[in-house]
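Q: In terms of the working numbering, the sequence shown is residues -14 to 298.
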Amino acid sequence: MALPSVVVLPLLIVVAAGVYYIYNVVSQFMSKSIVRNKVVVITDAVSGLGTECARLFHKGGARLILCGSSWDKLESLYDHLTNDSDPRETFAPKLVILDFSDMDSMEDVVAEVVECYGCVDVLICNSSMKMKAPVQSVSLEADRNIMDINYFGPSTLAKGVLPTMISRRSGHIVLVNSIQGRLAVPFRSSYAASKHAVQAFFDCLRAEVEEFGIVVSNISHTFINASDQQPAEESAPKTNTLAAFIASQLTHGVCPSVLANEIMQTVNRKRKEVVLAHPIPRVALYLRSLFPSFLFAVLAAGAKDSVLAEQMQ
-14 MALPSVVVLP LLIVVAAGVY YIYNVVSQFM SKSIVRNKVV VITDAVSGLG TECARLFHKG
46 GARLILCGSS WDKLESLYDH LTNDSDPRET FAPKLVILDF SDMDSMEDVV AEVVECYGCV
106 DVLICNSSMK MKAPVQSVSL EADRNIMDIN YFGPSTLAKG VLPTMISRRS GHIVLVNSIQ
166 GRLAVPFRSS YAASKHAVQA FFDCLRAEVE EFGIVVSNIS HTFINASDQQ PAEESAPKTN
226 TLAAFIASQL THGVCPSVLA NEIMQTVNRK RKEVVLAHPI PRVALYLRSL FPSFLFAVLA
286 AGAKDSVLAE QMQ
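(1) Grab me the residues of leucine 41's own chain with a C-beta within less than 6 Å of its C-beta, minus the 5 sequence neighbours each way, in chain order.
(2) Express the C-alpha separation of threonine 149 and isoleucine 82 in angstroms, rounding to a whole number.
(3) Name the two residues that bound the continuous beta strand (DSSP E) containing isoleucine 134.
(4) Assuming serine 113 and isoleucine 134 make a contact with CB atoms under 8 Å, what is their CB distance in whole Å?
(5) Could you tell me which residues DSSP pairs with arginine 173 in its beta bridges?
(6) Could you tell me whether the Cβ atoms of serine 305 and isoleucine 204 are closer together than 9 Å?
(7) Return the CA-CA distance between glycine 198 and proline 241, expressed in angstroms with no decimal places.
(8) Span of the beta strand (DSSP E) holding glycine 53?
(9) Taking just the CA atoms, how far does alanine 2 sit from glutamate 126?
(10) DSSP three-state label for lysine 289, please.
(11) Considering only the alpha carbon of each residue, which of Leu168, Leu142, Gln121 and Tyr176 lies closest to leucine 190?
(12) Below 9 Å between beta carbons: does that hold for valine 363 and glycine 35?
(13) Quick one: what does DSSP say cysteine 101 is sitting in, helix, strand or coil?
(14) With a CB to CB cut of under 8 Å and the five nearest residues on each side skipped, what residues in its chain are close to asparagine 137?
(15) Give me, in chain order, the residues of the same chain whose beta-carbon lies closer than 6 Å to that of valine 123; leave out the 5 immediate sequence neighbours on both sides.
(16) Taking the C-alpha atoms as reference points, what is the distance between alanine 178 and leucine -4?
(17) Where do the N-terminal and C-terminal ends of the beta strand (DSSP E) with serine 32 fall, by residue?
(18) Roughly how many angstroms lie between the CA atoms of alanine 182 and lysine 117, to the nearest whole one?
(19) Between which residues of its own chain and glutamine 184 is the CB-CB distance below 6 Å, once the five residues before and five after are set aside?
(20) Check the DSSP bridge columns for histidine 157 and list the partner residues they point to.
(21) To the nearest whole angstrom, what separates the beta carbons of proline 171 and leucine 284, a pair I think is in contact under 8 Å?
(22) For serine 205, write down the residues that DSSP places opposite it in a beta bridge.
(23) Tell me the rounded alpha-carbon separation between aspartate 93 and valine 120.
(24) Here's the rule: buried if 16 or more other CB atoms are within 10 angstroms of the residue's CB, otherwise exposed. What is alanine 217?
(25) Cutting at 7 Å between CB atoms, please list the residues of its own chain near tyrosine 102, excluding the five before and the five after it.
(26) Count the other CB atoms, across all protein chains shown, that sit within 10 Å of the CB of valine -1; report buried if there are 16 or more and exposed otherwise.
(27) Can you tell me the Cα-Cα spacing of isoleucine 151 and lysine 289, whole angstroms?
(28) According to DSSP, is valine 123 part of a helix, a strand, or is it coil?
(29) Got a sec, what are the start and stop residues for the alpha helix (DSSP H) lysine 58 sits in?
As structure tokens, this is what we get:
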């Protein structure tokens, strides 16, 4: 007996939802099994994203090396992870003080990280420093500081763990970068420059280490929200609607939990390039390649309107 046509569509929706649910469950299970017993380094474990990553990978049975510039915050995260976990299924994390703004300490940090387990399977570079200011107001010292944290730090640490990865012919390096490593917006010159630099470094590294079985992944996202709550939009003069809309989309944040899950899936599937952004930033990327003059004009108009708006306040 044939089903009435009015029942077919709801039935298809239910079946599709069931298949999607099963797919997600299987994917999460596979992700956890992939990272079990793997040595995973998180460079900024005390940030919102780092904490979410630590929780996911710890629950998946990874041997975590949690890095951060605050020992108190690292210990607090350690207690949170170990108190809520089964010691028969998980490993107690190891803690390492890491401050990319202190490049003189990097040699000792690399040695300490490698000595924890003798090798590194997954390196997650999620440390970052943001800056928003007109070009002429940024000092050379500030430029150097943001380059240390966003470029020299991750690249130096990656170089430090490479020998063990090459000798074992396996490993995965994940760069959690910003979409401004591909597309720069006004008043973020130093930040965008550092993100462009680290993007280029890891793109080159990917090609050079592929023959050794090492995977290099880059996740380009918009700004990370401090929490999973979407920030309230600020009221501001909208003198250029198109420019303001594009700028708001380029700086629209992504939730730490969503990004952490994306990192887990990237490690699981060994994806090399991920763009986690809304449609407008994606379109802007295409405009940058196909119609650069149009995009430059829009961004310049937005920058001019921002300056005028500040002068009127």
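Quick reminder that beta carbons are idealized off the backbone N, C-alpha and C, glycines included.
A: According to the data block:
(1) Ala245 and Met249
(2) 21 Å
(3) Neither: isoleucine 134 is in no beta strand (DSSP E) and is coded neither H nor E.
(4) 7 Å
(5) Ala118
(6) As displayed, the chain neither begins before -14 nor continues past 298, which places residue 305 out of reach and without an answer.
(7) 29 Å
(8) 48 to 53
(9) 53 Å
(10) helix
(11) Leu142
(12) No statement about residue 363 is possible, as the shown extent of the chain runs from -14 to 298 and does not include it.
(13) helix
(14) According to the sequence displayed, residue 137 carries phenylalanine and not asparagine. Contacts found: Phe85 and Met88.
(15) Ser175
(16) 51 Å
(17) Counting along the chain, serine 32 falls outside any beta strand (DSSP E), and DSSP gives it neither H nor E.
(18) 18 Å
(19) Asn162 and Gly166
(20) Val107 and Val200
(21) 6 Å
(22) Asn162 and Val260
(23) 34 Å
(24) With a pLDDT of 42 at alanine 217, under the threshold of 50, the modelled position of this residue cannot be trusted, and the question is left open.
(25) Val24 and Arg48
(26) exposed
(27) 49 Å
(28) coil
(29) 56 to 68
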